[in-house]
Structure formats: structure tokens, C-alpha cells
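To start, the structure itself, in C-alpha cells.
Protein chains: 2
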Amino acid sequence: MLNEEKTALSHECEDCPIRHRAVCARCETDELERLEEIKYYRNFEAGQTIIWSGDRMDFVGSVVSGIATLTQTMEDGRTQMVGLLLPSDFVGRPGRDGSPYDVVATTDVVMCCFRKRPFEDMMSTTPHIAHRLLEMTLDELDAAREWMLVLGRKTAREKIASLLSIIARRDASLNLRPTQGALVFDLPLTREAMADYLGLTLETVSRQISALKRDGVIELEGKRHVTVPDFSRLLDEAGDDSDGGMLV
Amino acid sequence: MLNEEKTALSHECEDCPIRHRAVCARCETDELERLEEIKYYRNFEAGQTIIWSGDRMDFVGSVVSGIATLTQTMEDGRTQMVGLLLPSDFVGRPGRDGSPYDVVATTDVVMCCFRKRPFEDMMSTTPHIAHRLLEMTLDELDAAREWMLVLGRKTAREKIASLLSIIARRDASLNLRPTQGALVFDLPLTREAMADYLGLTLETVSRQISALKRDGVIELEGKRHVTVPDFSRLLDEAGDDSDGGMLV
DNA sequence: TCGCGCGCTTGATCTGGGTCAATGAAACCC
DNA sequence: GGGTTTCATTGACCCAGATCAAGCGCGCGA
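Line order of the protein sequences matches chains X and Y. Those letters in the first sequence? Residues 10 to 257, per the working numbering, in order. Those letters in the second sequence? Residues 10 to 257, per the working numbering, in order.
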């Protein structure tokens, strides 16, 4: 249901090859022109840190292609991923001058950026951008809280199934392919990154993926290419009470 | 540091006996008058559910006194608390018509409410309210993500220490008392509620509290009255890397 | 072509926290 | 004052997932 809303509000910019949800929803031509002037692209290599936790951040932007992660790390090295940035996701917080998290590219990443000051100026003169950002932030808050349930109360198997269903769902909504029959996608994360997302060790992730494969919930081709023959079965394994929204 | 900001921006309404952070920060007299017209109070008893997950919600508001919790529950009864509402915290999401969580009063609660439609109208004509809400939502998002680290990577002992330090901090900033020497506060939650917040069982919560007491990190008078002789020691137990902001 | 490294899998063992169960101790209400 | 309810503590035992360790397979650079 969240995804439907997002899709309905998104907008393909001609110059920005991907919907930049923050600014393009309901945007007008003169606003787009003003955005042109302050827009630029940045490229990052796989493994590169886009923003260091605590660093000053002079831009906002969104992911055009590739995958990035938000992570928090304790002094002793324990790390927890707190967000996954897929194409069209927004990065940066107007009104704040730093990021409390490390933002790391897990694949090669292209970002469409706006310098922060002009973007904030534009925000204050264009009310719908502030509203859109509020909406998006509420979406992120919902996602974060749903993840708290995953982290706090689900078993390892349920955690893996939850992650797979989220990735499958996002991938499907991104590619807008008809979602009947099997879902097929590539895992954008290493086993270790999945472990950091789920609060597990990489060994447990590996074992549970093997178990889901053995039980026919998923099929694996190589280490990353996943086929989900029955999505509702996967949701069931995840302990989710709903039908998954998207498939309605 | 977050708390300092909040305090700086908050504003005591004469009629609303507590700072209503969403609307009172930087508000002007004519705005306050318009708010008067749509404001009303609601009382809830301890244990009462304020909003059921999925229910239509026709108001927004903030807690004046008492404590409420946001919780998610799976069909089999496992529950995870995803937020704690203390006095001055905001409830409701402009632009959304329902809550994805149960909101439950854990003590008697008084809320200061605004009917949603007029509030949203006011929001669209008063830009600073939208900005303030965005700021507050970003704060909540930060808190949720910090909590993801607690849930995913901390040990039971660290989890308890984290919760105690958060409550101590919020309590101190609420009561604005000089924070030198020992911190003293009452736990607003049962052991079970703490367990639901921390992704533990109530037995483990009890055991770890006993352990912290035995080790001199906290002192207990009865079951709820806590004294923290050395706050930085508590933060250390929580695995937090900082000094706690407030104490600077 | 080899070997090296990285990502991944699998096995063996250990342990933190869950589960089950008994008991304590306030508060409250006839 | 005694019974009931609710909340909390403590003990004994168990198990899911962590930890430690070995090995596999594939891509890549020399």
C-alpha cells in the first residue's frame, strides 16, 4: 500500500533518469527548471563511503542507480544497518547539517544531488516539497518501526524471510513487472550485510537461506539469484499478517 | 543534544499546560488564537487503548501528562514496543488517516488534541508548522534507528542500561532540574513493558536489573524508584560512545 | 595456469537468554 | 484480617543462534 502511493506520486524526470521522489511529485515546470540549475551527479564505487557518520553534509539527493546502506557502528565493531537505499530513495535531511550514520555504497552508485542551501531555499518557497518530505520521512519512520519488530521479536528464519520479501517487493515495484507467478530477483547484499541488517551473524544467515531453499520456499541459482515460487508462502514464513499489499 | 534543541524550541502555552512542540514553537499570537478554537482535551485511564492499530484517526495531539506506548503485535501475540510517548510528545500523522500501531496509556493520560482536518488546513497555511513537524519526525526517525542498534546488537545488560539512560535523560530534561550528582527517577513501565521495548522477556529484564543493582550501577527503592549514582557509568554499561549530550 | 583472496557453506561446540515453575510482596477489596 | 490479583524475583533447565574452525568455488591478477 505504501508502494502504490509512492508509485502514484512519482514522476519520471527526463534529465534525471529516475524518479526523484522528493521533488518531482506533483512538480511544475518552473520548479523543474529551478532544480536543473542546482542539480548535479556524483558517482561512487562499490565499497566507497558516501557519507561518514558525524560528517558535515552539504547536499541532499537521491539514488539514481545502485544500492547504498545506512549503518551505525559501536566502538567495538558491532554494526547495525538501519536503512537500505535503493534507486529513488532520498538521502539527507533538510535543516540538519550532518548524518548520524555512515552511508556506504554496496554496489557502484550514481546519485542525483542538490546543494543543500539552494534546496532548502526552494523548500521554503515551495510548500509541496516540505509536505512531500514529511510524507517520505513518515514512510521511513514506518519502515524503521516495522524493522524494530523484526529485530526484537522475530526468529532467524522469519528475519531472513522478512528481508527477502522486502527486497522482492521493492524490486518488483521498481521494475513494474507484472507480479504473477514466480518473483525473480538478485540479492543486492552480501551475507554479511544481510546479517548486519538483521542483527544476526553471517553464518546464521547462510544456514537459514540454505534451510529456506531446502524447504522449497525459495530457489537459488548461484549465491545471489533468487526465485520465489510462491510469494504468499514467503510472507507466511516472515510471520507477516498481511497479504503484502503489492499483490492485491 | 536533541533534547537541548527541543527545549530551546518549545514554548509554554498558557492554556495548554505543557509545551505542545508541534505548534507552539515560534508560534504567533494569531495562530495561537486559531488553535484555541480547534483544541480540546481527552483523558484516558491507565491500561486504556488510545488508538487501535488500523483504526481511523480523526485527531492529532500531544501528551500533556502520563505515559503512552506505541506497540506492534504479531498474530501469535509477540509484541514489540516501537515508541514511548512522554509529556510533550506528538501523536498522529498529518496526511495519514490511520495509525499502524496500537497506542496504549500505561498510566492515566491527558492529551491535548486538535481535530485533524482543521489542523491540516492550518498546516497548509502556516509553513513553520510543516517544518516543525518535519523536524520532529526526523527526531523520531533518529530515535527509531538508534533503537534498531539496541535491538539488533546489544546484550541484555546493555539494553537495560540503554533504556534506563534514555528514561533518565528524558526525565531530567522534562523536569529541568540541575543534573549534578545522582539522577533519581521513577520507572514509568512495568518489567513486561520494558521487555516489550527491549525485545527481551520480563524474567531477563528482572535479572539484569538485579545484576545492575548488585554491581552498584543503580540503586533501587521498591520496584520502580531508581537512583543512578554515576550517569557516565550507566552510559558505559549501555555501550554508548558519547557522554550523553545533556551532561555537557 | 596457478594460486590467492573473498564470499559463502557447513560442522562442532558453547552460551546468553528463553522457558517453565515456584515464591514473594505490595495493593486492593470485600 | 485474609483472600485475590497484579507485579516482580529467583531458580533450574533448555535451545536458538553465536562462536570457532575447516573447507569449497569462483573470479582475478601475475
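Positions of the beta carbon are idealized from the N, C-alpha and C atoms, including for glycine. The structure displayed is predicted, hence computed values, not measured ones.
| Asked | Found |
| --- | --- |
| CB of D117/X within 7 Å of CB of E201/X, strictly | no |
| Which of helix, strand or coil DSSP assigns to E84/Y | coil |
| Rounded C-alpha distance that separates S133/X from A139/X | 8 Å |
| Where R65/X meets chain Y, residues with beta-carbon distance less than 8 Å | What R65/X touches in chain Y: nothing, since even the nearest Cβ is about 15 Å away. |
| Short Cβ contact (7 Å threshold) for V119/Y with L79/Y | no |
| Beta-carbon contacts of G70/X that lie in its chain and below 7 Å, excluding the five residues immediately before and after | V100, G101, M120, C121, C122, F123 |
| Closer than 8 Å at the beta carbon, the chain Y residues around T146/X | L143, T146, L147, L150 |
| Whole alpha helix (DSSP H) elements within the segment 69 to 146 of chain X, 4-residue minimum | 125 to 134 |
| Rounded distance between the beta-carbons of D67/X and K125/X, thought under 8 Å | 5 Å |
| Rounded Cβ spacing between R162/Y and M157/X (contact assumed at less than 8 Å) | In fact, because the Cβ distance is near 13 Å, the residues do not count as touching under 8 Å. |
| Which of helix, strand or coil DSSP assigns to K168/Y | helix |
| Backbone CA spacing between S215/Y and E230/Y [nearest angstrom] | 14 Å |
| Nearest residue (CA-CA) to A220/X, options D151/X, I169/X, F128/X, G190/X | I169/X |
| Sub-7 Å separation of I76/Y and T115/Y beta-carbons | yes |
| Alpha helix (DSSP H) segments (min. 4 residues) lying fully within the segment 180 to 247 of chain X | 200 to 207, 211 to 223, 240 to 247 |
| Per-residue contacts from S133/Y into chain X (C-beta, under 9 Å) | P136, H140 |
| Residue from L44/Y, V226/Y, G104/Y whose Cα sits closest to the Cα of L143/X | G104/Y |
| For T199/Y and E212/Y, the rounded distance between their alpha carbons | 12 Å |
| E13/X, DSSP secondary structure in three states | Because E13/X carries a pLDDT of 37, less than 50, the predicted location of this residue cannot be relied on, and no value is offered for it. |
| Exposed unless 16 or more other CB atoms sit within 10 angstroms - verdict on A191/X | exposed |
| Same chain, Cβ closer than 7 Å to G248/X, five either side skipped, listed in chain order | K163, E167 |
| 7 Å Cβ cutoff, L160/Y in contact with chain X | yes |
| Proximity test, Cβ basis, 7 Å: A153/X and chain Y | yes |
| Closest residue to R51/Y among D245/Y, I59/Y, L95/Y (Cα-Cα distance) | I59/Y |
| Own chain, CB closer than 8 Å to V193/X, minus 5 neighbours either side, in chain order | H234, V235, T236, V237 |
| C-beta neighbour in chain Y for M258/X, strict 7 Å | Any property of residue 258/X remains undetermined from this structure, which presents chain X solely from 10 to 257. |
| Cβ-Cβ separation, M145/Y to L172/Y (assumed contact under 8 Å), whole Å | Actually they are not in contact, since the Cβ atoms of L172/Y and M145/Y sit about 22 Å apart, beyond 8 Å. |
| Below-7 Å beta-carbon distance, V91/Y vs any chain X residue | yes |
| Proximity test, Cβ basis, 7 Å: D111/Y and chain X | no |
| Neighbour flag for D195/X against chain Y, beta carbons, 7 Å | no |
| Span of the beta strand (DSSP E) around K48/Y | 48 to 53 |
| Inter-residue Cα distance where the pair is L150/Y and E149/X | 7 Å |
| Where the segment 227 to 252 of chain X meets chain Y: residues whose CB sits under 9 Å from a CB there | G248, D249, D250 |
| Interface flag, M203/Y vs chain X, CB-CB below 7 Å | no |
| Cα-Cα separation, L207/Y to S241/Y | 21 Å |
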